[in-house]
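> One structure follows; several queries about it will come next.
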Amino acid sequence: MTQNKGALFRALHEEPGAFIIPNPWDIGTARILAALGFRALATTSAGMAFSLGVAEGKTSPENTFKHCQALVSATPLPVTADLEKGMGDSPESAAETISVAASIGLVGCSLEDHTGDRANPIYDFSLAVERIQAAVEARSALPHDFVLTARCENFLWGRPDLDDTIKRLQAFEKAGADVLYAPGLYDLETIRTVCSSLSKPVNVVMGMPGNTFSLTELADAGAKRISVGSALARLAYGAFVKASREMIDTGTFGFSDQAMGFAELEEFFTGQTHKAQ
Numbered sequence: 048m049t050q051n052k053g054a055l056f057r058a059l060h061e062e063p064g065a066f067i068i069p070n071p072w073d074i075g076t077a078r079i080l081a082a083l084g085f086r087a088l089a090t091t092s093a094g095m096a097f098s099l100g101v102a103e104g105k106t107s108p109e110n111t112f113k114h115c116q117a118l119v120s121a122t123p124l125p126v127t128a129d130l131e132k133g134m135g136d137s138p139e140s141a142a143e144t145i146s147v148a149a150s151i152g153l154v155g156c157s158l159e160d161h162t163g164d165r166a167n168p169i170y171d172f173s174l175a176v177e178r179i180q181a182a183v184e185a186r187s188a189l190p191h192d193f194v195l196t197a198r199c200e201n202f203l204w205g206r207p208d209l210d211d212t213i214k215r216l217q218a219f220e221k222a223g224a225d226v227l228y229a230p231g232l233y234d235l236e237t238i239r240t241v242c243s244s245l246s247k248p249v250n251v252v253m254g255m256p257g258n259t260f261s262l263t264e265l266a267d268a269g270a271k272r273i274s275v276g277s278a279l280a281r282l283a284y285g286a287f288v289k290a291s292r293e294m295i296d297t298g299t300f301g302f303s304d305q306a307m308g309f310a311e312l313e314e315f316f317t318g319q320t321h322k323a324q
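What follows is the structure, given as structure tokens:
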């Protein structure tokens with residue numbers, strides 16, 4: 048089954064145009080997205096952390112993989128995982144991350160060059176590349192297809208250096224990564240510049256504060272895969288917090304007018320068809 052899912056997931060990256068891969072944060076949201084007709088899912092490290100009541104980056108590898116396995120089992124769709132820096136800092140830990148990810152049924156994952164240390168947030172170039180090289184070797188040793196996404200985190204950690212970002216992504220591509228990803232690119236021209244500098248598929252994230260662009264605009268700029276990171280989780284948690292504040296601040300319940308009907312929501316979990324026509 049994982050072998051078939053892996054092939055299906057890779058094939059999505061070979062189709063014309065771009066596709067959206069949304070980011071659920073629990074079993075319920077995964078099943079809703081599958082019912083709506085999305086063809087693959089990606090985990091969100093921030094959404095997962097929030098669902099566990101901790102800050103992003105504070106989830107143990109054990110809990111991260113347990114969460115990923117739950118989402119893999121939730122629907123028949125291929126699932127790729129946001130595994131942050133993986134199980135450690137070394138190239139060996141990056142390789143181990145790939146092996147464990149594949150063993151629980153994931154069809155892909157992303158690895159970052161963010162260290163998790165705010166004082167020194169980005170791995171040195173050579174170590175960052177060595178980590179991806181080790182991950183590629185582990186991926187190549189697997190008995191089934193697995194899509195490795197290599198991320199450059201410069202723009203999220205106060206280093207908006209486009210030249211260095213492209214240099215890193217090109218090095219990750221040369222090392223054998225299947226998909227390249229630099230979250231935080233702020234305009235279509237920058238996205239186009241990055242995409243034109245690479246020959247492998249590029250993931251672009253939408254839903255971050257600032258400019259957003261349509262699927263068509265992003266495809267025209269050269270992007271292949273569009274994720275939304277923690278945006279869906281933040282939207283849901285934001286509505287929850289707003290409703291809770293209304294109750295405690297004013298003692299009113301006007302938020303219920305905006306809530307989805309019970310029967311409509313329950314249909315997502317009872318086999319009803321919700322796919323867009």
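Just so we're aligned: the sequence shown equals residues 48 to 324 in our numbering. Using N, Cα and C, we set each Cβ at its ideal position, and we do this for glycine too. Everything numeric in this text was worked out from a predicted model, so none of it was measured.
(1) Just the Cα atoms here: how many angstroms apart are threonine 162 and glycine 298?
(2) With DSSP run on the structure shown, which of helix, strand or coil describes isoleucine 151?
(3) At which residues does the beta strand (DSSP E) containing alanine 286 begin and terminate?
(4) Should asparagine 258 be labelled buried (16 or more other beta-carbon atoms within 10 Å of its own) or exposed?
(5) Between valine 252 and alanine 286, what straight-line distance do the alpha-carbon atoms span, to the nearest angstrom?
(6) Which value, in whole angstroms, describes the spacing of the CA atoms of isoleucine 151 and glutamine 116?
(7) Quick one: what's got a C-beta closer than 7 Å to leucine 235's C-beta in the same chain, skipping five residues either side?
(8) Tell me the DSSP secondary structure of aspartate 304 in three-state form.
(9) Which same chain residues end up closer than 7 Å to proline 108 when comparing Cβ atoms and leaving out the 5 residues on each side of it in sequence?
(10) Answer yes if the stretch 50-57 comes into contact with the stretch 118-129, meaning at least three C-beta pairs across the two stretches below 8 Å, and no otherwise.
(11) State the start and end residues of the unbroken beta strand (DSSP E) segment that holds alanine 197.
(12) With contact counted as at least three CB pairs below 8 Å, one residue from each stretch, are the stretch 298-310 and the stretch 95-111 in contact?
(13) Should glycine 75 go down as buried or exposed, given a rule of 16 or more other Cβ atoms within 10 Å for buried?
(14) Check whether the Cβ atoms of valine 183 and alanine 224 lie closer than 9 Å to each other.
(15) For leucine 328 and proline 138, what's the separation of their Cα atoms in angstroms?
(16) Going by the beta-carbon positions, is the gap between alanine 266 and glycine 64 smaller than 9 Å?
(17) Looking only at its own chain, which residues have a Cβ that is under 7 Å from the Cβ of arginine 215, when we skip the five neighbours before and after it?
(18) Output the residue ranges of the alpha helix (DSSP H) runs that lie fully inside the stretch 92-160 and measure 4 residues or longer, sorted by chain position.
(19) According to DSSP, which residues form a beta bridge with phenylalanine 260?
(20) Starting from leucine 227, follow the beta strand (DSSP E) in both directions and report where the run begins and ends.
(21) Given that a residue counts as buried once 16 or more other Cβ atoms are within 10 Å of its Cβ, and exposed if not, what is leucine 282?
(22) Once you ignore the five residues that flank glutamate 131 on each side, which residues in its own chain have a CB closer than 6 Å to its CB?
(23) Return helix, strand or coil for valine 252, following the three-state DSSP convention.
(24) Does the separation of the CB atoms of serine 277 and glycine 254 fall below 9 Å?
Well, looking at it:
(1) Here the question's residue 162 lines up with position 115 in the sequence shown. Here the question's residue 298 lines up with position 251 in the sequence shown. Threonine 162 and glycine 298: Cα-Cα distance of roughly 44 Å.
(2) Residue mapping note: residue 151 aligns to position 104 of the sequence shown, counting from 1. Three-state result, isoleucine 151: coil.
(3) Indexing the sequence shown from 1 puts residue 286 at position 239. Element bounds for alanine 286: not the beta strand (DSSP E) but the alpha helix (DSSP H), 278-297.
(4) For the purposes of this step, residue 258 is identified with residue 211 of the sequence shown, where counting begins at 1. Answer is exposed; the Cβ neighbour count stays below 16.
(5) Walking along the sequence shown from the start, residue 252 turns up at place 205. Walking along the sequence shown from the start, residue 286 turns up at place 239. Distance between the alpha carbons of valine 252 and alanine 286: 22 Å.
(6) As a position in the sequence shown, residue 151 is number 104, starting the count at 1. As a position in the sequence shown, residue 116 is number 69, starting the count at 1. Going by the C-alpha atoms only, they are around 6 Å apart.
(7) Within the sequence shown, numbered from 1, the residue matching residue 235 stands at position 188. Excluding positions up to five away in sequence, the list reads Phe260, Glu264 and Ala268.
(8) Sequence index remark: in the sequence shown, residue 304 carries index 257 (1-based). Correct three-state label for aspartate 304: helix.
(9) Here residue 108 is taken as the residue at index 61 of the sequence shown, counted from 1. Met134, listed in sequence order.
(10) yes
(11) For the purposes of this step, residue 197 is taken as residue 150 along the sequence shown, with counting starting at 1. Alanine 197 -> beta strand (DSSP E) spans 194-198.
(12) no
(13) The residue given as residue 75 occupies position 28 in the sequence shown. Glycine 75 should be labelled exposed.
(14) As a first step, residue 183 must be located in the sequence shown, where it is residue number 136. As a first step, residue 224 must be located in the sequence shown, where it is residue number 177. Yes, they are a contact pair.
(15) In the structure as shown, the chain begins at 48 and stops at 324. Residue 328 is therefore absent and cannot be evaluated.
(16) For the purposes of this step, residue 266 is taken as residue 219 along the sequence shown, with counting starting at 1. For the purposes of this step, residue 64 is taken as residue 17 along the sequence shown, with counting starting at 1. For alanine 266 and glycine 64, yes; Cβs fall inside 9 Å.
(17) Locating residue 215 in the sequence shown gives position 168, where the first residue counts as 1. Here the set comprises Asp160, Phe172, Ala175 and Cys199.
(18) 92-98, 108-121 and 138-150
(19) Here residue 260 refers to the residue found at position 213 of the sequence shown. According to DSSP, phenylalanine 260 bridges with nothing at all.
(20) Along the sequence shown, one-based indexing puts residue 227 at 180. Counting along the chain, the beta strand (DSSP E) containing leucine 227 begins and ends at 226-228.
(21) Position 235 of the sequence shown holds residue 282. Exposed, since its Cβ has fewer than 16 Cβ neighbours within 10 Å.
(22) The residue you call residue 131 lines up with position 84 of the sequence shown. Ser92 and Glu159.
(23) Taking the first residue of the sequence shown as position 1, residue 252 is located at position 205. The answer is strand: DSSP assigns valine 252 an E or B state.
(24) In the sequence shown, counting from the first residue as 1, residue 277 sits at position 230. In the sequence shown, counting from the first residue as 1, residue 254 sits at position 207. Less than 9 Å divides the Cβ of serine 277 from the Cβ of glycine 254.
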